[in-house]
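**Q** Residue numbers for the sequence shown follow this note's numbering, beginning at 1108 and rising by one.
Each residue gets a CB set at the ideal place from its N, CA and C atoms; glycine is no exception.
My structure is below; once you've seen it, I'll send some questions.
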Amino acid sequence: KNLGAADWTLGAEVPQPPNLPATAEFGEALAAPYHLRATAGPQHPQWIAVGAPGAGRAYIYCVNPTSAQPLTFAQVVDPNAGGRFGGALAIADFDGDGDQDLAVGSPTENGLAGRVRVYPGTGVNCGAGAQVVNVAQVVVVTPTQIQSGRFGAALTAGMVDPDHPTRPQLVIGAPEAYPSGVSKSVL
């Protein structure tokens, strides 16, 4: 099937959040759930994440394609981590509980070794001000064998583990790992 623009784009500009620093690099990274549904419901909240690594933040927006404002700001994820937090993003149900989770890379944190934080989804129906991910139950992934590899510079979700063929895994890129760039699948 030939997918035209109307089949895969919302045609809406992501509104910048208030008080965004000029150096935020808003939109440096974008992520959408592994699958978007045509209609949102309590079991399947629809949302996207937008990174602003210059500000060390990730922003969550609710998606409602039938609304006059199809993108509504919901939540900011800001752990005060530094390290270009928000430079890479991925969304999928990494823990298998049925809710979409958010992975956020901080590739220059931890002495340039990098880190990735995975925030579990809450399953709440997405709306303005909704707490879509649980920032209190974050899982921090830190590399153990690289010292300056920029772990978390790239993130994606995919079915890469044959032992878990029905659940997406998080794939983490470390482009400056010794002796050459590597990727690691975790969670």
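At the level of alpha carbons, what is the spacing between PRO1272 and GLY1203?
**A** Their Cα atoms are separated by approximately 12 Å.
**Q** What's the gap between the Cα of SER1213 and the Cα of ALA1220?
**A** If you take the alpha carbons of SER1213 and ALA1220, they lie about 9 Å apart.
**Q** Give the straight-line distance between the Cα atoms of ALA1136 and PHE1258, rounded to the nearest whole angstrom.
**A** Answer to the nearest angstrom: the Cα atoms are 16 Å apart.
**Q** With a threshold of 8 Å, are at least 3 pairs of Cβ atoms found where one atom belongs to the region 1225 to 1243 and the other to the region 1178 to 1196?
**A** Because the criterion of three Cβ pairs below 8 Å is met, the region 1225 to 1243 and the region 1178 to 1196 touch.
**Q** With ASP1208 as the anchor, note down where its beta strand (DSSP E) starts and where it stops.
**A** Where ASP1208 is concerned, the enclosing beta strand (DSSP E) stretches over 1208 to 1213.
**Q** What are the complete beta strand (DSSP E) segments, minimum 3 residues, inside the region 1158 to 1191?
**A** Here the runs fully enclosed are 1164 to 1170 and 1178 to 1184.
**Q** Between GLY1158 and GLY1205, is the Cβ-Cβ spacing less than 7 Å?
**A** No; because the gap between Cβ atoms is not below 7 Å, this pair is not in contact.
**Q** Give me the DSSP bridge partner(s) of ARG1224.
**A** Partner(s): VAL1211 and VAL1247.
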